[in-house]
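**Q** The structure follows.
Protein chains in written order, with this note's numbering: chain A, 6 to 328; chain B, 9 to 299.
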């Protein structure tokens, strides 16, 4: 494979609170290759979004990145100045959000908001900016773009707003698109359309996509490779097909079992017993040990490293290391 | 960046559109008419006032409204109508300038405090707390008394006294706007802080600020009257609606017109400002515009 576009190395993002430090992102490693869709899956609060915001260097206060490296095109994003970072945001990497109802500013018309990244980054005349925006709006599937340009967000449906967000994110032709649960707030038919759209644009623009979701179906549909996150840590990384066929980490297996199955009758859906440990005074061992049926003594005292050889399938579990 | 590139914010849209909108709504139209009358009266004061507003004429003291003195005369025989016409200049100037200056101070500190948070926010808000612990009028009185009575000092005192309220209001609004995804979206597309504050936060904060400002025009008018009454505001013989009201206080039983007419003028102007502000608010909210 080519060189990775984005390498996240031992990233730690912590939030000091009055009860102690919350390790929202705890030693996270992964890389996103050029032209790849990399999925990050995990339940609410496991640190997916914070990982994304760390890459953007837009951690909300009081959080901060305490350790690690984020190499984007070989540059460590944690070392460069705010000014340089700003020139990367929107121009080389951009982001779309979960709720298109709130991610567009209600007082500006759609056209202006899609123009904005170009105004910030490109020295282009008004005419060519408007042309470019109309072209983008057409590409994301907004019909009669020239008249819709002047519409305000409240005149757009949820799906249309998400399309406009995508147009805005891709207007400067970035290399990396971070999609933070882009379809969670949309209904199912629109979800499929938006996913198809992202897929198509990815090919067209040669994008890499970091797709954050808690939906296994979205992962299966979209991603080349997947990382499973649990309590701020990545517990398993594999190619999508491999992960679905041969999930190794007990948490991943649990997630798979939670999915309803089409071909067999189930009275109750499976659920993983127990809850996520409190990240303020996190357990010494594996964070999943309190919910894991296979947990042994080692699991309770040591943290399993993320390792594995076969098919680039990495897993953080002592049980699997033995095999 | 070029600011001229598409002008999407309603505030900066053509004034023609705004005026058309305000005329379409009856309440706004009334407000607009009242304010326009007040403005034209104050501008044309030298030509339309029937008598000299300062000239003392003891032979006509405390006369009730008649054909020669339409709204009567005060204790020094000065024509109430003429004094009101000239007084409108003072009242409009003091209230509008002090509200705008106060608003400007409040905007600056409120935006900075709300957007950046942290230590700056803490310092600004504690200063605001201290200033707010005095009633507005007392604070204005203290500033005015320190600097002596004049129109400039009255404006200064009122704007400084009103600014903490704006600061707190604006900070609160900014805090809620700051959390919106579109602010994050603007950041992820590489916007600068100043750009986010001025282009994304401010327009969204505008409606409540404008409502507050129009309401303050009323209280500024009243505060000016209060300061004038206490002798630290506009000094007689220069007429202001405020000092006319307080000047007639002693003769309320025998010559109520001295106080009633300027009082009515204050009320009408405040009413006009409120109706106008409401229309402005609805215009600025794109969702309300087509209603």
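The beta-carbon is built from N, C-alpha and C at its ideal position, and this holds for glycine as well.
Listing by chain order, which chain A residues have their CB less than 9 Å from the CB of residue 176 of chain B?
**A** Walking along the second chain from the start, residue 176 of chain B turns up at place 168. None at all; the shortest Cβ gap to chain A is about 21 Å.
**Q** Below 7 Å CB to CB, which residues in the same chain sit around residue 329 of chain A once its five sequence neighbours on both sides are set aside?
**A** Chain A is shown only over 6 to 328; residue 329 of chain A falls outside these bounds and no answer can be derived.
**Q** What three-state label does DSSP hand residue 258 of chain A in the structure shown?
**A** Here residue 258 of chain A corresponds to residue number 253 of the first chain, with the count starting at 1. Residue 258 of chain A: helix per DSSP, three-state reduction.
**Q** Is residue 210 of chain A helix, strand or coil when you go by DSSP?
**A** The residue you call residue 210 of chain A lines up with position 205 of the first chain. If DSSP states are grouped into helix, strand and coil, residue 210 of chain A belongs with the helices.
**Q** For chain A, is any of its Cβ atoms less than 8 Å away from the one on residue 200 of chain B?
**A** Taking the second chain and counting its residues from 1, the one referred to as residue 200 of chain B is at position 192. Closer than 8 Å: yes.
**Q** Compute the Euclidean distance between the alpha carbons of residue 36 of chain A and residue 287 of chain A, then round it to the nearest angstrom.
**A** Sequence index remark: in the first chain, residue 36 of chain A carries index 31 (1-based). Sequence index remark: in the first chain, residue 287 of chain A carries index 282 (1-based). Each residue's Cα considered, the two are about 26 Å apart.
**Q** Using a Cβ-Cβ cut-off of 8 Å, state whether residue 63 of chain B counts as contacting chain A.
**A** Working through the second chain from its first residue, we reach residue 63 of chain B at position 55. It does not: the Cβ of residue 63 of chain B has no partner Cβ on chain A nearer than 8 Å.
**Q** Using a Cβ cut-off of 7 Å, pull out every chain B residue sitting near residue 104 of chain A, in sequence order please.
**A** Counting from 1 along the first chain, the entry for residue 104 of chain A is found at position 99. 189, listed in chain order.
**Q** Does any C-beta atom of chain B lie closer than 8 Å to the C-beta of residue 125 of chain A?
**A** For this step, residue 125 of chain A is matched to residue 120 along the first chain. It does: the Cβ of residue 125 of chain A has a partner Cβ on chain B nearer than 8 Å.
**Q** Taking C-beta pairs closer than 8 Å, name the residues in chain A that residue 126 of chain B reaches, listed in chain order.
**A** By 1-based counting over the second chain, the position of residue 126 of chain B is 118. Chain A residues near residue 126 of chain B: 66.
**Q** When DSSP labels each residue in this structure, what does residue 9 of chain A get in the three-state scheme?
**A** In the first chain, the residue the question calls residue 9 of chain A occupies position 4. Here residue 9 of chain A sits in strand by DSSP.
**Q** Considering only the alpha carbon of each residue, which of A/303, A/34, A/198 lies closest to residue 73 of chain A?
**A** Numbered from its first residue, the first chain carries residue 73 of chain A at position 68. Checking every option, the nearest Cα to that of residue 73 of chain A belongs to A/34.
**Q** Using the beta-carbon of each residue, which ones in chain B are nearer than 9 Å to residue 63 of chain A?
**A** As a working note, residue 63 of chain A is residue 58 in the first chain. Result: 192, 195, 196.
**Q** Round the Cβ separation of residue 48 of chain A and residue 219 of chain A to the nearest angstrom and send it over; I've been treating them as touching at under 8 Å.
**A** Indexing the first chain from 1 puts residue 48 of chain A at position 43. Indexing the first chain from 1 puts residue 219 of chain A at position 214. Between residue 219 of chain A and residue 48 of chain A the Cβ distance is about 6 Å, and since that is below 8 Å, they are a contact.
**Q** Whose C-beta lies closer than 8 Å to the C-beta of residue 120 of chain A among residues of the same chain, with five residues either side of it excluded?
**A** By 1-based counting over the first chain, the position of residue 120 of chain A is 115. Closer than 8 Å at the Cβ level, and outside the excluded window around residue 120 of chain A, lie 134, 135, 138, 176.
**Q** How about the segment 86-106 of chain B and the segment 153-169 of chain B: do they share at least three Cβ pairs that are nearer than 8 Å?
**A** At 8 Å Cβ cutoff, the stretches touch.
**Q** Tell me whether residue 73 of chain A sits in a helix, a strand or coil according to DSSP, three-state version.
**A** In the first chain, residue 73 of chain A corresponds to position 68, counting from 1. Correct three-state label for residue 73 of chain A: strand.
**Q** Can you give me the C-alpha to C-alpha distance between residue 128 of chain B and residue 245 of chain A, rounded to a whole angstrom?
**A** By one-based count along the second chain, residue 128 of chain B stands at place 120. By one-based count along the first chain, residue 245 of chain A stands at place 240. Cα-Cα distance, rounded: 48 Å.
**Q** What separation, rounded to the nearest whole angstrom, lies between the Cα atoms of residue 149 of chain A and residue 249 of chain A?
**A** For this step, residue 149 of chain A is matched to residue 144 along the first chain. For this step, residue 249 of chain A is matched to residue 244 along the first chain. Their Cα atoms are separated by approximately 41 Å.
**Q** Of the residues B/234, B/176, B/42, B/231, which one's Cα is nearest the Cα of residue 133 of chain B?
**A** One-based indexing of the second chain puts residue 133 of chain B at position 125. Of the listed residues, the one whose Cα sits closest to residue 133 of chain B is B/176.
**Q** For residue 208 of chain B, return the contacting residues in chain A, with the cut-off set at a CB-CB distance below 9 Å.
**A** To locate residue 208 of chain B, count along the second chain from 1; it is residue 200. In chain order: 110, 112, 113.
**Q** Could you check if residue 232 of chain A is buried or exposed, using at least 16 other CB atoms within 10 Å of its CB as the buried criterion?
**A** To locate residue 232 of chain A, count along the first chain from 1; it is residue 227. Buried, because 16 or more other Cβ atoms sit within 10 Å of the Cβ of residue 232 of chain A.
**Q** If the cut is a Cβ gap below 8 Å, which residues of chain B does residue 52 of chain A touch?
**A** In the first chain, the residue the question calls residue 52 of chain A occupies position 47. Within 8 Å Cβ-Cβ: nothing; residue 52 of chain A doesn't reach chain B, min ~17 Å.
**Q** Check whether the Cβ of residue 216 of chain B lies closer than 8 Å to any Cβ atom in chain A.
**A** Taking the first residue of the second chain as 1, we reach residue 216 of chain B at position 208. No - not a single Cβ of chain A is within 8 Å of the one on residue 216 of chain B.
**Q** Hey, does residue 14 of chain B have any beta-carbon neighbour from chain A nearer than 8 Å?
**A** For this step, residue 14 of chain B is matched to residue 6 along the second chain. Low confidence applies here, because residue 14 of chain B scores a pLDDT of 35, under 50, leaving its location unreliable and the question unanswered by this model.
**Q** Could you pull out every residue in the same chain whose Cβ sits closer than 8 Å to the Cβ of residue 90 of chain A, ignoring the five residues on either side in sequence?
**A** By 1-based counting over the first chain, the position of residue 90 of chain A is 85. Once the five neighbours on either side are set aside, the close Cβ partners of residue 90 of chain A are 62, 82.
**Q** Can we say the segment 77-92 of chain B touches the segment 204-214 of chain B, given the rule of at least three CB pairs closer than 8 Å?
**A** With a cut-off of 8 Å, the segment 204-214 of chain B and the segment 77-92 of chain B do not count as touching, because too few Cβ pairs lie within range.
**Q** Taking the alpha helix (DSSP H) that residue 122 of chain B falls in, what are its first and last residues?
**A** Locating residue 122 of chain B in the second chain gives position 114, where the first residue counts as 1. Taken as a continuous stretch (DSSP letters only), the alpha helix (DSSP H) holding residue 122 of chain B covers 88-124.
**Q** When burial is assigned at 16 or more other CB atoms within 10 Å of the CB, is residue 10 of chain B buried or exposed?
**A** Taking the first residue of the second chain as position 1, residue 10 of chain B is located at position 2. Only weak support exists for where residue 10 of chain B lies, its pLDDT of 31 falling under 50; the coordinates are left without a value.
**Q** Below 7 Å on C-beta distance, what does residue 251 of chain B contact in chain A?
**A** Looking up residue 251 of chain B in the second chain gives position 243. Correct list: empty, because the minimum Cβ distance to chain A is about 42 Å.
**Q** Quick one: which chain B residues come within Cβ less than 7 Å of residue 96 of chain A?
**A** Residue 96 of chain A sits at position 91 when you count from the first residue of the first chain. What residue 96 of chain A touches in chain B: 198.
**Q** Just checking: is the beta-carbon of residue 218 of chain A within a distance shorter than 8 Å of some beta-carbon in chain B?
**A** Position 213 of the first chain, counted from the start, is the residue given in the question as residue 218 of chain A. No - not a single Cβ of chain B is within 8 Å of the one on residue 218 of chain A.
**Q** Can a CB atom of chain B be found closer than 8 Å to the CB of residue 310 of chain A?
**A** Numbered from its first residue, the first chain carries residue 310 of chain A at position 305. Taking Cβ atoms only, chain B never reaches closer than 8 Å to residue 310 of chain A, which makes this a no.
**Q** Check for me: the alpha helix (DSSP H) holding residue 249 of chain A runs from which residue to which?
**A** The residue given as residue 249 of chain A occupies position 244 in the first chain. Where residue 249 of chain A is concerned, the enclosing alpha helix (DSSP H) stretches over 245-250.
**Q** Are the C-beta atoms of residue 212 of chain B and some chain A residue less than 8 Å apart?
**A** Here the question's residue 212 of chain B lines up with position 204 in the second chain. Yes, because at least one Cβ of chain A sits closer than 8 Å to the Cβ of residue 212 of chain B.
**Q** Verify whether the separation of the beta carbon atoms of residue 96 of chain A and residue 198 of chain B is less than 8 Å.
**A** Your numbering for residue 96 of chain A matches position 91 in the first chain. Your numbering for residue 198 of chain B matches position 190 in the second chain. Taking 8 Å as the Cβ cut-off, residue 96 of chain A and residue 198 of chain B qualify as a contacting pair.
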